[in-house]
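In this note's numbering, the protein residues as written are 1436 to 1575. Everything on this sheet refers to the single structure shown next.
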């Protein structure tokens, strides 16, 4: 069974997400803050991480930064799943190496399709172009 680590400080949301994922044959590990999530990512070696942005202690951006700097967790796909939907947050997550970024509440089908795509090895799908494809004004 494929293990997904859910890192979010909202217990009701975590429980709902856990039930949804387990109903679709995923094994689910949970963490309720950033530090616990980072440690579980190292210890439990999930196939993918669903990571909230706004949490006490380490926020999701700091957890993502640490994951991408650690040799043991660098290649793990990470999906930011958050109520924070500003373009600035999306770009910051992209700069840190996020695999995808979904806005809560997200549709179950969209979430499951994203997991399936990332677990198959495909990368970021966003309404915004990747930062590397942006050009300066007046340049092709």
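For every residue, glycine included, the Cβ atom is placed at its ideal position computed from N, Cα and C.
Output the distance between the C-alpha atoms of residue i and residue j, rounded to the nearest integer angstrom.
| i | j | result |
| --- | --- | --- |
| residue 1548 | residue 1492 | 31 Å |
| residue 1441 | residue 1506 | 21 Å |
| residue 1481 | residue 1438 | 5 Å |
| residue 1512 | residue 1528 | 13 Å |
| residue 1525 | residue 1450 | 25 Å |
| residue 1457 | residue 1522 | 31 Å |
| residue 1461 | residue 1494 | 25 Å |
Look up residue i in the DSSP assignment and say whether it is helix, strand or coil.
| i | result |
| --- | --- |
| residue 1571 | Low local confidence applies: a pLDDT of 45 at residue 1571 is under 50, so the model's placement there is unreliable, with the coordinate-based value given in what follows. Note: residue 1571 maps to coil in three-state DSSP. |
| residue 1490 | coil |
| residue 1476 | helix |
| residue 1445 | coil |
Pull up the CB-CB distance for residue i and residue j, whole angstroms please, since I reckon it's below 8 Å.
| i | j | result |
| --- | --- | --- |
| residue 1463 | residue 1483 | 11 Å between Cβ atoms; not a contact. |
| residue 1539 | residue 1517 | 6 Å |
Sort the options by Cα distance to residue i and report the nearest one.
| i | options | result |
| --- | --- | --- |
| residue 1504 | 1443, 1546, 1477, 1490 | 1477 |
| residue 1453 | 1554, 1553, 1543, 1556 | 1543 |
| residue 1445 | 1479, 1475, 1489, 1473 | 1489 |
Do the region 1523 to 1532 and the region 1496 to 1511 meet, that is, are 3 or more Cβ pairs less than 8 Å apart? Judged by Cβ distances under 8 Å, the region 1523 to 1532 makes contact with the region 1496 to 1511, as three or more pairs qualify.
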